[in-house]
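K.L.:
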Amino acid sequence: MLVATDPSGILHQPADVYALFLFTGVVGSALPWLLWFESVDRVGATVSNAVFSVHPLFSATLAVLVLGETLRLAGVAGILVIVFGLLVLVTSQGGDVRGWSARDLAIPLTATVGTAVSSVVRRFGLVSTDVSVLEAVTINTTAALVALALYAVVSGARVRLDMPRRTGLVFVGDGVLSAAALLAFFAAYDSGPVVVVDPLASTAPLFTTLFAYFMLADVETVTRGVVAGVVFIVTGAALLTLL
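Residue numbers 396 to 638, in the numbering used here, belong to the letters of the sequence shown in order.
(1) Which residues mark the beginning and the end of the alpha helix (DSSP H) in which HIS450 is found?
(2) With DSSP collapsed to three states, give me the class of THR524.
(3) Mind checking which residues open and close the alpha helix (DSSP H) that includes THR486?
(4) From ASN444 to VAL629, what does the alpha carbon distance come to, in whole angstroms?
(5) GLU464 by DSSP, collapsed to three states: which one?
(6) Let me know the secondary structure DSSP gives THR616 once reduced to three states.
(7) Nearest to VAL421 by alpha carbon, out of MET610, LEU457, THR536 and ALA501?
(8) Between THR603 and the rest of its own chain, which residues show a CB-CB distance below 7 Å, the 5 nearest in sequence each way excluded?
(9) Indicate the three-state DSSP secondary structure (helix, strand or coil) for SER424 in the structure shown.
(10) Is it buried or exposed for ASP613, if we count other Cβ within 10 angstroms and need 16 for buried?
(11) Using DSSP with H/G/I as helix, E/B as strand and the rest coil, what is PRO588?
(12) Between which two residues does the alpha helix (DSSP H) harbouring SER443 extend?
(13) Tell me the rounded alpha-carbon separation between ALA497 and THR505.
Written as structure tokens, this is what we have:
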């Protein structure tokens, strides 16, 4: 990404551009990524992704308050349906087969808040400055990389390079897909309002639930409650797009 970006464009950006996207790199990328992996380990990918997808509830509210975007009655209904879906999910008894408690959901919810705040900041930065999508993504991901490296040093975390080849390839593939998704997100924020982009992205739990049912049956339980919670959350997200 750094190679594909014109260095002169990045180096000559004003300080406010750096401030905005350095902030989103730490709060909207590094922090959610750390919390996301911890959440997947504790409650499972299905439940984590469903909870994480309630971020339109926060980002739509912030977009209305900060950016002056419009949220109509359908959007309010969508928020209520999302909250109900989250409550259904808490009582679903699904996710990681080892079990989990409601307090564990604080992890993906914290990641959700960071993502929601950053969604609004990214949208503001892209529409109010001359920075390109690729330049914004580069500043964002560089800040995230530095933040994650500092966290590893400060926390004393041991970086394992002797993992099985298959495991390494899985996470390399995950990184490539995540980078492509992040670039797509920035392009979407550059061309559309947060109250539309974030709810559309919240359809992800549908795919996660489907993949988990067929591919993770030995480590995750996809109950009717999980499916119902996911459907409510995605339905609420869809209502938020009716603006």
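We put the CB at the ideal spot given by N, CA and C, even for glycine.
As the structure is a computational prediction, the values presented were derived from the model and not from experiment.
P.N.:
The structure says:
(1) 450 to 457
(2) coil
(3) First-last for THR486: undefined, no H or E at that position.
(4) 11 Å
(5) coil
(6) strand
(7) THR536
(8) ALA440, THR441 and ASN444
(9) helix
(10) exposed
(11) coil
(12) 440 to 447
(13) 14 Å
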